[in-house]
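Student:
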Amino acid sequence: MSDRKNCVLAYSGGLDTTAIVVWLREQGYDVHTVLVDVGQEEDVTALCEKALRLGAKTAVARDARPLMCRAILPYAAGLAATYEGTYRLGTALARPFIALEQVRRARELGGATLAHGATGKGNDQIRFEFAYRSLAPEMPVVAPWKIWDLSGRRDLIDYIRAHGIEDDFELTKTYSMDENLWHLSVEGGALEDPAADVDVDEVLAAVASRFAGGVSAACSVPHAAGRTTITFHKGVPLALDGAAMEMSELVTTLNHRHRAAPWAWDLVIENRFTGIKSRGLYINPAAKLLHTAADALARTCLNKPLYDHYAALGRDYGATIYRGEYFSDQRVVLERAADAVMAHLTGAVTVDLSHSPYVAKIDAPQAIFSQRLATFEQSTFSHKDADGFIRLAWLTAVGRSAPEAGNVHAVETRHTAASDLRPGEHQPARRLVPAAV
1485 MSDRKNCVLA
1495 YSGGLDTTAI
1505 VVWLREQGYD
1515 VHTVLVDVGQ
1525 EEDVTALCEK
1535 ALRLGAKTAV
1545 ARDARPLMCR
1555 AILPYAAGLA
1565 ATYEGTYRLG
1575 TALARPFIAL
1585 EQVRRARELG
1595 GATLAHGATG
1605 KGNDQIRFEF
1615 AYRSLAPEMP
1625 VVAPWKIWDL
1635 SGRRDLIDYI
1645 RAHGIEDDFE
1655 LTKTYSMDEN
1665 LWHLSVEGGA
1675 LEDPAADVDV
1685 DEVLAAVASR
1695 FAGGVSAACS
1705 VPHAAGRTTI
1715 TFHKGVPLAL
1725 DGAAMEMSEL
1735 VTTLNHRHRA
1745 APWAWDLVIE
1755 NRFTGIKSRG
1765 LYINPAAKLL
1775 HTAADALART
1785 CLNKPLYDHY
1795 AALGRDYGAT
1805 IYRGEYFSDQ
1815 RVVLERAADA
1825 VMAHLTGAVT
1835 VDLSHSPYVA
1845 KIDAPQAIFS
1855 QRLATFEQST
1865 FSHKDADGFI
1875 RLAWLTAVGR
1885 SAPEAGNVHA
1895 VETRHTAASD
1905 LRPGEHQPAR
1915 RLVPAAV
């Protein structure tokens, strides 16, 4: 009887996980790869066959797209959820479902060690290992990037070739990419230097293979006048230009139509959970359009306090998912609150795509926008009523404020006027803690 232990690897078929299959076998594991389809447009069957050639004992593929479209994408879209206001959560949305399928496969095997290919610098190690601890705390975890002495792309290629594995991996590959239903991310190369200009043509050429029909075909906009209408029911998108669609089809359609359009890109500097800053280019036209439309619908259908709550939910949900806390009580509570708010978000939003996308029209049965009150033309609104409102609002806002707040001289002299500063001179920052003695 073999004393080799089972190990279930989150496998993508890329250079990292190719090397990891070989390395895990050297460590005495029987490797079982799980390739989870989260919307990456790759030949899943061919990648599983490759894993077997590398020495994996079994190689299975699992389709997580239906569950993603039921469980997480409705909230990502309906809440216009982002991290730090700009990152639309592409990678973070998929990782919990990859980990879930790993654990399911491990249980089919009667238990196993869980392995991933995330490095010790990024967020994915946290997302995977948070999920493992939540779903299968009894299963050990191995993260090769935190163990082995290999340190980069050249080392990985040399390693697999030393083991007799020939592949078409490029030694000088400029960009790394990650793709799922929600986005295509591009990182590395000049993107790692915030002071460097991004060469759009260079990036397009690097990712062109991901575009069905090539770059030019990827940006075709077949609907008249460059407009698209997205219909929501309780915050969930369910139709595009009047045609009912499952969410996966709707998202994929928008991505295929528009992912080479300049407005579809977000160039983002973000603060990773580890504290390291990173810069990435995220191609996510579906997410951008759905966020634009959902937010417009919320502004039309929610009153001020409820809209503020909606915006906070999008921010908090985004941060929770970004930090890898999908399998947590806070995610459950946020989704319950979101269900109550999104219940008001039903309607059709037309977005004009002729330049940068903007909302051209909103048709919402639960809209509380009042043209009668908003108009500057003659209406039944009495402008004199505003006087009483201002008096009461002032009492709440500043009526009991510190005396200095109303001292004009104090306000004028508190800070050095910008005109008094010489070029290149800056006011010293206020010290928030006592200086060291």
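Read in the numbering used here, the sequence shown has 1624 at position 140, and its numbers run on one by one without any break.
Using N, Cα and C, we set each Cβ at its ideal position, and we do this for glycine too.
Model, not experiment: these values are computed from the prediction.
1) Closest by CA to K1845, which one among E1650, R1711 and F1614?
2) Taking the C-alpha atoms as reference points, what is the distance between G1698 and L1738?
3) Which runs of the beta strand (DSSP E) at least 3 residues long sit entirely within the stretch 1510 to 1589? Give them in chain order.
4) What number of angstroms, rounded off, separates the C-alpha of E1613 from the C-alpha of V1625?
5) Expressed to the nearest angstrom, what Euclidean distance is found between the alpha-carbon atoms of P1558 and G1872?
6) Quick check for students: name the residue ranges of the alpha helix (DSSP H) that lie wholly in the stretch 1758 to 1811, counting only runs of 4 or more.
7) Could you check where the alpha helix (DSSP H) with H1717 kicks off and where it finishes?
8) Would G1831 pass as a contact of L1879 if the rule is Cβ separation under 7 Å?
9) Could you tell me the distance, in whole angstroms, from the CA atom of T1501 to the CA atom of Y1616?
10) Between Q1586 and L1665, what straight-line distance do the alpha-carbon atoms span, to the nearest angstrom?
11) Could you tell me which uninterrupted beta strand (DSSP E) segments, each at least 3 residues in length, are contained entirely in the stretch 1649 to 1690, listed from first to last along the chain?
12) Am I right that V1520 and R1546 are in contact with their C-beta atoms under 8 Å? What's the rounded C-beta distance?
13) Classify P1466 as helix, strand or coil using the three-state DSSP reduction.
14) Please determine if the stretch 1678 to 1687 and the stretch 1785 to 1792 are in contact, where contact requires at least 3 C-beta pairs separated by less than 8 Å.
15) Under the assumption that V1687 contacts M1661 (Cβ atoms under 8 Å), give the Cβ distance between them as a whole number of angstroms.
16) Once you ignore the five residues that flank M1552 on each side, which residues in its own chain have a CB closer than 6 Å to its CB?
17) In whole angstroms, give me the CA-to-CA distance for T1736 and L1773.
18) Check this for me: beta carbons of L1499 and L1668, under 7 Å apart or not?
19) Please list, in chain order, all residues of the same chain as L1593 whose beta carbon is under 8 Å from its beta carbon, the five residues on each side excluded.
20) DSSP three-state label for N1739, please.
21) Classify I1641 as helix, strand or coil using the three-state DSSP reduction.
Tutor: The short version:
1) The count along the sequence shown starts at 1 and reaches residue 1845 at position 361. That would be R1711, whose Cα lies nearest to the Cα of K1845.
2) Numbered from its first residue, the sequence shown carries residue 1698 at position 214. Numbered from its first residue, the sequence shown carries residue 1738 at position 254. Confidence at G1698 is low in this model, with a pLDDT of 44, below 50, so its placement is unreliable and no value can be given for it.
3) 1513 to 1521 and 1542 to 1547
4) As a working note, residue 1613 is residue 129 in the sequence shown. As a working note, residue 1625 is residue 141 in the sequence shown. Near 8 Å, if we compare the C-alpha coordinates of V1625 and E1613.
5) Numbered from 1 along the sequence shown, position 74 holds the residue referred to as residue 1558. Numbered from 1 along the sequence shown, position 388 holds the residue referred to as residue 1872. Rounded to whole angstroms, P1558 to G1872 spans 43 Å at the Cα level.
6) 1769 to 1785 and 1788 to 1806
7) Working through the sequence shown from its first residue, we reach residue 1717 at position 233. No alpha helix (DSSP H) holds H1717; the beta strand (DSSP E) holding it covers R1711 to H1717.
8) Here the question's residue 1831 lines up with position 347 in the sequence shown. Here the question's residue 1879 lines up with position 395 in the sequence shown. Against a cut-off of 7 Å, the Cβ pair of L1879 and G1831 comes out as no contact.
9) As a first step, residue 1501 is located in the sequence shown; it is residue number 17 there, counting from the start. As a first step, residue 1616 is located in the sequence shown; it is residue number 132 there, counting from the start. So the two alpha carbons sit approximately 18 Å from each other.
10) On the sequence shown, position 102 is the one that residue 1586 refers to. On the sequence shown, position 181 is the one that residue 1665 refers to. Each residue's alpha carbon lies about 19 Å from the other.
11) 1660 to 1663 and 1668 to 1671
12) Locating residue 1520 in the sequence shown gives position 36, where the first residue counts as 1. Locating residue 1546 in the sequence shown gives position 62, where the first residue counts as 1. With 8 Å as the limit, V1520 and R1546 qualify as a contact, their Cβ atoms being about 5 Å apart.
13) For residue 1466 there is no data in the structure shown, the boundaries of the chain being 1485 and 1921.
14) Contact fails: fewer than three Cβ-Cβ distances are below 8 Å.
15) Residue mapping note: residue 1687 aligns to position 203 of the sequence shown, counting from 1. Residue mapping note: residue 1661 aligns to position 177 of the sequence shown, counting from 1. Their Cβ separation, rounded to whole angstroms, is 10 Å, which puts V1687 and M1661 out of contact at 8 Å.
16) Within the sequence shown, numbered from 1, the residue matching residue 1552 stands at position 68. Here the set comprises F1581.
17) Walking along the sequence shown from the start, residue 1736 turns up at place 252. Walking along the sequence shown from the start, residue 1773 turns up at place 289. Computed Cα separation, rounded: 12 Å.
18) Numbered from 1 along the sequence shown, position 15 holds the residue referred to as residue 1499. Numbered from 1 along the sequence shown, position 184 holds the residue referred to as residue 1668. Their beta carbons are not under 7 Å apart, which means L1499 does not touch L1668 by this criterion.
19) Working through the sequence shown from its first residue, we reach residue 1593 at position 109. Cβ neighbours of L1593 beyond the five flanking positions: N1490, V1492 and H1516.
20) In the sequence shown, counting from the first residue as 1, residue 1739 sits at position 255. Of the three classes helix, strand and coil, the one that applies to N1739 here is helix, per DSSP.
21) In the sequence shown, counting from the first residue as 1, residue 1641 sits at position 157. In the structure shown, I1641 sits in a helix (DSSP, three-state: H, G or I).
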